[in-house]
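Colleague: The structure's right below; bear with me while I get my questions together.
There are 2 protein chains.
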Amino acid sequence: MDTRTGLPVVGMVGGGQLARMTHQAAIALGQSLRVLAVSPEDGAALVAADVQIGRHDDLAALREFAKGCDVVTFDHEHVPGELIRALAAEGHTLLPGADALQYAQNKRLMREHLGAKGFPMPRWTAGDAKAFGDEVGWPIIVKTATGGYDGRGVFVADSPADIPDGVEIVAEELVPLRRELAAVVARSPLGQVAAYPIVETVQENGICVEVLAPAPGLDEDLAVQAQRLAIDIATGLGVVGVLAVELFETTDGRLLINELAMRPHNSAHWTIEGARTSQFEQHLRAVLDYPMGDTRLTAPAVVMANVLGGEPGGMSIDERLHHLFAEEPGAKVHLYGKQVRPGRKIGHVTVLGDDMDDCRRRARRAAQILEEGYQH
Amino acid sequence: MDTRTGLPVVGMVGGGQLARMTHQAAIALGQSLRVLAVSPEDGAALVAADVQIGRHDDLAALREFAKGCDVVTFDHEHVPGELIRALAAEGHTLLPGADALQYAQNKRLMREHLGAKGFPMPRWTAGDAKAFGDEVGWPIIVKTATGGYDGRGVFVADSPADIPDGVEIVAEELVPLRRELAAVVARSPLGQVAAYPIVETVQENGICVEVLAPAPGLDEDLAVQAQRLAIDIATGLGVVGVLAVELFETTDGRLLINELAMRPHNSAHWTIEGARTSQFEQHLRAVLDYPMGDTRLTAPAVVMANVLGGEPGGMSIDERLHHLFAEEPGAKVHLYGKQVRPGRKIGHVTVLGDDMDDCRRRARRAAQILEEGYQH
Chain A
1 MDTRTGLPVV GMVGGGQLAR MTHQAAIALG QSLRVLAVSP EDGAALVAAD VQIGRHDDLA
61 ALREFAKGCD VVTFDHEHVP GELIRALAAE GHTLLPGADA LQYAQNKRLM REHLGAKGFP
121 MPRWTAGDAK AFGDEVGWPI IVKTATGGYD GRGVFVADSP ADIPDGVEIV AEELVPLRRE
181 LAAVVARSPL GQVAAYPIVE TVQENGICVE VLAPAPGLDE DLAVQAQRLA IDIATGLGVV
241 GVLAVELFET TDGRLLINEL AMRPHNSAHW TIEGARTSQF EQHLRAVLDY PMGDTRLTAP
301 AVVMANVLGG EPGGMSIDER LHHLFAEEPG AKVHLYGKQV RPGRKIGHVT VLGDDMDDCR
361 RRARRAAQIL EEGYQH
Chain B
1 MDTRTGLPVV GMVGGGQLAR MTHQAAIALG QSLRVLAVSP EDGAALVAAD VQIGRHDDLA
61 ALREFAKGCD VVTFDHEHVP GELIRALAAE GHTLLPGADA LQYAQNKRLM REHLGAKGFP
121 MPRWTAGDAK AFGDEVGWPI IVKTATGGYD GRGVFVADSP ADIPDGVEIV AEELVPLRRE
181 LAAVVARSPL GQVAAYPIVE TVQENGICVE VLAPAPGLDE DLAVQAQRLA IDIATGLGVV
241 GVLAVELFET TDGRLLINEL AMRPHNSAHW TIEGARTSQF EQHLRAVLDY PMGDTRLTAP
301 AVVMANVLGG EPGGMSIDER LHHLFAEEPG AKVHLYGKQV RPGRKIGHVT VLGDDMDDCR
361 RRARRAAQIL EEGYQH
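Heads up: the sequence lines are chains A and B, in that order. Position 208 (the first sequence) corresponds to 208 in UniProt numbering; numbering is contiguous. Position 181 (the second sequence) corresponds to 181 in UniProt numbering; numbering is contiguous.
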């Protein structure tokens with residue numbers, strides 16, 4: 001407990017933008033998020049009062065960090081399960097726990113487990129990818145079983161020659177897609193689950209560039225089915241905190257599970273302004289064992305556009321903000337305090353309104369001004 | 001400039017809840033607010049990464065703080081004008097400037113200046129309060145000219161015996177009130193002014209306990225007149241940042257100016273969730289010279305209720321949060337990290353909805369749970 005405030009202390013391992021935005025939400029709850037960052041220049045380390053510098057795969061650093069935390073949670077999936085188990089065995093509370101988190105850390109485990117439970121997913125194999133490709137037809141999707149994120153560790157294999165050696169992979173059939181969706185829920189230790197409206201996630205080159213909330217024109221039955229699926233997974237795996245289930249909507253109207261994340265997720269950044277309770281507050285409420293918050297939309301249409309780093313040079317980010325705010329006074333900007341590198345997510349923009357197409361146009365334009373500077 | 005982010009550095013003098021909530025808003029803009037706090041246990045000092053400890057009336061501390069800030073702004077009105085002028089003369093940018101801020105610091109100066117410009121206000125005097133009371137009729141309102149806040153330094157004098165000696169005061173006629181209103185605007189250095197909808201502020205024992213946005217049943221002409229008045233004051237005084245104009249609506253339907261504040265203000269805390277741009281973001285945008293943000297409401301009815309510290313003992317604040325969130329999943333809580341003292345503002349709660357009376361009931365109930373613990 002923080003004796004200054006009388007409130008429990010939440011620690012987050014990892015100092016990226018998720019921890020940065022969780023700290024923002026923590027402030028309202030009377031909290032000050034404790035952050036374990038790799039570098040003092042990590043996005044969350046720039047803004048949080050209570051920062052320790054250390055690696056997420058260093059047991060001594062984690063142990064030191066967990067001291068004085070009432071609960072430890074995660075900004076990413078890269079803390080090795082055995083370290084989480086070691087700390088739990090020493091009496092620390094880590095949420096989500098290693099038993100749940102393993103399914104977000106290992107794509108093979110997730111597929112084996114959810115497949116055995118009958119959850120729908122594309123045909124896949126952890127075995128002979130070349131034989132699998134010959135069977136289901138090339139091209140196929142190949143993913144490293146662990147360590148990938150933001151499209152890294154995922155590629156399309158056109159032929160057996162594209163299958164890598166010496167790394168644990170899962171191979172998956174290429175599914176005829178209508179689009180990608182995400183079902184985001186949060187679950188408390190008591191088992192209360194709150195579900196956000198289903199969103200559409202728009203990808204370019206394997207990176208999410210836009211999220212549309214609610215998913216436009218989504219069949220009501222399919223929306224309920226998607227929420228149900230995420231609730232069942234959260235409950236079945238005993239997740240505590242936010243669970244994002246990335247989904248495929250196939251051209252023949254089925255839902256298939258793509259990937260899981262057990263932390264605040266890019267597909268729900270829109271909730272900061274677009275839902276009554278943001279995913280960051282919801283994650284904190286879950287790990288603090290508070291009742292979940294209202295997940296309703298605050299506007300008929302909400303669009304989030306990611307801001308990717310552009311080529312170096314040109315207008316400063318400060319000048320870009322001037323132009324953006326002049327053009328879109330209602331665009332909500334979130335910058336992550338990151339050095340700009342081409343293709344790196346450096347922030348996002350959210351636009352709310354009555355018309356999805358209009359919000360989309362405005363959000364894309366706002367993101368573009370931040371990415372490229374102002375051009376008529 | 002912060003070389004890590006390429007963005008200008010904003011410093012705020014004072015480490016209270018306004019700085020705390022401004023830091024929250026700063027994070028989204030890629031900023032990390034620099035805070036000058038009196039104590040490391042001040043609300044903002046508990047959550048900001050970049051905190052200096054020092055007094056707001058100590059020139060050396062202010063000078064050290066201003067170094068490396070691109071702009072310095074204020075969490076309160078207690079920085080002496082001569083210190084602001086001294087720093088400005090040394091080349092620092094302080095917003096609002098001393099010329100504007102003096103009218104929020106000194107109630108006599110404000111009345112002289114705005115009165116001379118023809119702005120409407122109750123009859124008042126800085127001269128002989130006893131003679132004034134005899135003239136306008138007792139009781140009258142007496143205010144210390146400087147240093148008051150949150151109802152401190154303001155009282156009702158029933159007779160000449162109640163008039164204090166040896167302190168600079170202004171005396172004011174007691175106006176027949178329908179209610180109190182607030183007009184909040186923000187102005188950029190370029191002169192762009194953005195106005196929030198006019199709100200009703202509900203007072204108990206001289207302390208604001210609730211804010212209703214928009215002010216229920218307010219005549220449209222009067223609302224426009226109130227906005228106009230605040231815009232004219234902001235422009236006339238050259239305010240940069242948020243300006244709150246506290247107003248009386250008289251029983252005969254006139255608007256009279258009560259007080260000014262030149263900083264984010266309690267009467268606009270509802271904007272965090274209730275407006276497209278919060279007053280804290282708006283204040284930052286103003287002092288950073290960014291174009292102002294959209295001030296529209298996000299729901300038809302928004303109510304903010306202040307949370308005052310109750311008697312010591314009873315349920316912990318953590319337990320109270322459990323009960324509150326169970327009863328009102330949509331209530332937005334803001335705790336300021338303060339030690340609880342009876343009557344001290346320790347946070348606020350905002351409720352959004354379609355019906356003002358319903359929002360009011362829910363906001364009061366939520367605040368009450370935090371103040372008193374859960375009682376059926």
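Note that beta-carbon positions come from the ideal geometry of N, C-alpha and C, so glycine has one too.
Considering only residues of the same chain and omitting the five flanking positions on each side of L260/B, which have a CB-CB separation below 8 Å?
Modeller: Y103, A104, M110, I233, L243, A244, V245, E246
Colleague: Give me the Cα-Cα distance between E41/B and G15/B, rounded to the nearest whole angstrom.
Modeller: 9 Å
Colleague: Where does N306/A land, buried or exposed, given buried means 16+ other C-beta within 10 angstroms?
Modeller: buried
Colleague: By how many angstroms is the C-alpha of A48/A removed from the C-alpha of A215/B?
Modeller: Taking C-alpha positions only, A215/B is separated from A48/A by approximately 37 Å.
Colleague: According to DSSP, is residue 380/A part of a helix, a strand, or is it coil?
Modeller: Given a span of 1 to 376 for chain A in the structure shown, any question on residue 380/A remains unanswerable.
Colleague: Is it the case that the region 340-356 of chain B contacts the region 314-321 of chain A, given that we only count it when at least three CB pairs across the two stretches are under 8 Å?
Modeller: Taking 8 Å as the limit for Cβ pairs, the verdict is that the region 340-356 of chain B does not touch the region 314-321 of chain A.
Colleague: Can you check whether the C-beta of F325/A is within less than 8 Å of a C-beta belonging to chain B?
Modeller: yes
Colleague: Hey, is Y290/B's beta-carbon within less than 8 Å of any beta-carbon in chain A?
Modeller: yes
Colleague: Based on the DSSP output, what are the partners of Q203/A in its beta bridges?
Modeller: C208/A
Colleague: With a threshold of 16 other CB atoms inside 10 Å of the CB of V156/B, please say whether the residue is buried or exposed.
Modeller: The residue is exposed, with fewer than 16 neighbouring Cβ atoms inside 10 Å.
Colleague: In chain B, which residues lie with their C-beta within 8 Å of the C-beta of I317/A?
Modeller: Within 8 Å of the CB of I317/A, the CB atoms of chain B belong to T5, G6, L7, G30, in sequence order along the chain.
Colleague: Under a three-way DSSP split, which group does T22/A fall into?
Modeller: T22/A falls in the helix class under three-state DSSP.
Colleague: Note down, in chain order, all residues in the region 293-312 of chain A with a beta-carbon under 7 Å from any beta-carbon belonging to chain B.
Modeller: Those would be G293, D294, T298, in chain order.
Colleague: If we count the other Cβ atoms within 10 Å of its Cβ and call it buried at 16 or more, is T271/A buried or exposed?
Modeller: buried
Colleague: Taking D204/A as the reference, which of D57/A, S32/A, L308/A has the closest Cα?
Modeller: Per the sequence shown, residue 204/A should be read as Glu rather than Asp. That would be L308/A, whose Cα lies nearest to the Cα of E204/A.
Colleague: Assuming L288/A contacts P80/A (C-beta within less than 8 Å), just tell me the rounded distance between them.
Modeller: L288/A to P80/A, Cβ: 25 Å. No contact.
Colleague: What three-state label does DSSP hand L46/B in the structure shown?
Modeller: Of the three classes helix, strand and coil, the one that applies to L46/B here is coil, per DSSP.
Colleague: Just reading off the beta strand (DSSP E) that G11/B is part of, what are its end residues?
Modeller: Per DSSP, G11/B is one residue of the beta strand (DSSP E) stretching across 10-13.
Colleague: Taking only beta-carbon positions, decide if I141/B is within less than 8 Å of chain A.
Modeller: no
Colleague: Taking just the CA atoms, how far does D252/A sit from F62/A?
Modeller: At residue 62/A the sequence reads Leu, which differs from the Phe that was named. If you draw a straight line from the Cα of L62/A to the Cα of D252/A, it comes to about 47 Å.
Colleague: So which residues on chain A does L321/B lean against when the C-beta distance must stay under 7 Å?
Modeller: Under a criterion of Cβ atoms nearer than 7 Å, the residues of chain A adjacent to L321/B are, in order, Y290.
Colleague: At 4 residues or longer, and completely inside the region 237-317 of chain A: list those alpha helix (DSSP H) runs for me, N to C.
Modeller: For the alpha helix (DSSP H) assignment, the uninterrupted runs of no fewer than 4 residues enclosed by the region 237-317 of chain A are, from N- to C-terminal side, 271-274, 279-287.
Colleague: Would you verify that the beta carbon of I27/B is, or is not, closer than 8 Å to some beta carbon of chain A?
Modeller: yes
Colleague: I want to verify the contact list: residues of chain B whose CB lies under 8 Å from the CB of Q102/A, in sequence order.
Modeller: Near Q102/A there are no residues of chain B at all, since even the closest Cβ is about 30 Å away, more than 8 Å.
Colleague: Whole-angstrom Cβ separation of E210/A and G310/A, contact assumed at under 8 Å?
Modeller: No, E210/A and G310/A are not in contact; Cβ-Cβ is about 17 Å, not under 8 Å.
Colleague: Which residue from I27/B, P120/B, M292/B puts its Cα closest to that of residue 441/B?
Modeller: With chain B covering 1 to 376 only, the question about residue 441/B has no answer from this structure.
Colleague: Check whether the region 88-104 of chain B and the region 132-146 of chain B are in contact - that is, three or more C-beta pairs closer than 8 Å.
Modeller: no
Colleague: I'd like to know if G337/B contacts chain A, where contact means its C-beta is closer than 8 Å to some C-beta of that chain.
Modeller: yes
Colleague: When the Cα atoms are used, what is the spatial distance from I169/B to R152/B?
Modeller: 13 Å
Colleague: Check each candidate in A86/A, I84/A, R34/A and name the one with the smallest Cα separation from L70/A.
Modeller: The sequence given here has Asp at residue 70/A, not Leu. The shortest Cα separation from D70/A among A86/A, I84/A, R34/A belongs to R34/A.
Colleague: What are the residues in the region 253-278 of chain B lying within 7 Å of chain A by C-beta distance?
Modeller: R276
Colleague: Along chain B, which residues have their Cβ under 8 Å away from the Cβ of Q285/A?
Modeller: The question names Gln, but residue 285/A is Arg in the sequence shown. Going along chain B in sequence order, the residues near R285/A (Cβ under 8 Å) are F325.
Colleague: Give the DSSP-derived three-state secondary structure of V349/B in the structure shown.
Modeller: strand
Colleague: Across the region 174-193 of chain B and the region 322-334 of chain B, are there enough close Cβ pairs to call them in contact, namely three or more that are closer than 8 Å?
Modeller: no
Colleague: Residue range of the beta strand (DSSP E) that L181/A falls in?
Modeller: 177-187
Colleague: Can you tell me which of the three DSSP states H113/A falls into?
Modeller: helix
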